[in-house]
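Beneath this line is the structure, given in structure tokens, with notes to follow.
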Amino acid sequence: MYNFLANTKRMTVAAMVMALYIVILYVTQGISFGPYQIRIATSLYALAFVYPFLVVPLGLANFIANFLLIGGCFVGMATTWLIVQIRQRQYSPWLAALPIWWVPALCVSAWLSYLIDLPYAVLVSSLAVGQLPPAICGVLLIQALS
Numbered sequence: 138m139y140n141f142l143a144n145t146k147r148m149t150v151a152a153m154v155m156a157l158y159i160v161i162l163y164v165t166q167g168i169s170f171g172p173y174q175i176r177i178a179t180s181l182y183a184l185a186f187v188y189p190f191l192v193v194p195l196g197l198a199n200f201i202a203n204f205l206l207i208g209g210c211f212v213g214m215a216t217t218w219l220i221v222q223i224r225q226r227q228y229s230p231w232l233a234a235l236p237i238w239w240v241p242a243l244c245v246s247a248w249l250s251y252l253i254d255l256p257y258a259v260l261v262s263s264l265a266v267g268q269l270p271p272a273i274c275g276v277l278l279i280q281a282l283s
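Numbering (the working numbering), first residue to last: 138 to 283.
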């Protein structure tokens, strides 16, 4: 019975976080898809520090929220997986800001440079500027929940 309750709790938390990610991205779409993509929703990746089982659900939330882009799913899962690794190694929660800041900036720029024919370095710098506020918000979220 205990295992069933634990799984039910995890599924409930995962579903709520996925829904929250999608809603936040929808509400903030005006700043989430411009030249500086400030995606406040990506700050939710930090929740994997507290809830390691969110690696796949947050990847799926990114996949759904970004019009079924498979690359977004992998970016979300890679970012959250790195955050879980930071937790497992008992590093400072502030290090969780690095994957939130740099994984989307480096990976999303790869396919955006191909799709919109802009230099990779320009896109990385633009996305890195936009990902810094969510990275900081993510660490503050960890601290609030810990």
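Each residue gets a CB set at the ideal place from its N, CA and C atoms; glycine is no exception.
Assumed close pair residue i, residue j - CB separation to whole angstroms, cut-off 8 Å
| i | j | result |
| --- | --- | --- |
| V187 | T216 | Their Cβ separation, rounded to whole angstroms, is 15 Å, which puts V187 and T216 out of contact at 8 Å. |
| S180 | L278 | 6 Å |
| A242 | Q280 | That pair is no contact at about 23 Å. |
| A178 | I161 | 4 Å |
| A234 | G275 | 6 Å |
| L264 | Q174 | 6 Å |
| V221 | P189 | 5 Å |
Contact under 7 Å by Cβ, residue i with residue j
| i | j | result |
| --- | --- | --- |
| L206 | V154 | no |
| A272 | W238 | yes |
| P236 | L249 | no |
Candidates the options: closest to residue i by CA position
| i | options | result |
| --- | --- | --- |
| G213 | I177, Y182 and Q222 | Y182 |
| V261 | V245, R226, I223 and P194 | V245 |
| L255 | A152, Q225 and P172 | P172 |
| A152 | V193, R176 and V164 | V193 |
| Y163 | F204, V150, R147 and M148 | F204 |
| G209 | V150, P270, V259 and L195 | L195 |
| Y158 | R147, R176, T145 and M148 | R176 |
Where the alpha helix (DSSP H) containing residue i begins and where it ends
| i | result |
| --- | --- |
| W231 | First-last for W231: undefined, no H or E at that position. |
| L264 | Y257 to L282 |
| I168 | Q166 to S169 |
| P194 | V192 to A202 |
| A185 | L184 to V187 |
Any non-hydrogen atom of the ligand PLP within 6 Å of residue i CB
| i | result |
| --- | --- |
| L195 | Looking for the ligand PLP in the displayed structure turns up nothing, as the structure carries no ligands at all. |
TODO: Examine the Cβ distances between the region 221-236 and the region 194-204 and report whether three or more of them are shorter than 8 Å.
DONE: Counting C-beta pairs closer than 8 Å gives fewer than three between the region 221-236 and the region 194-204, which falls short of the contact rule.
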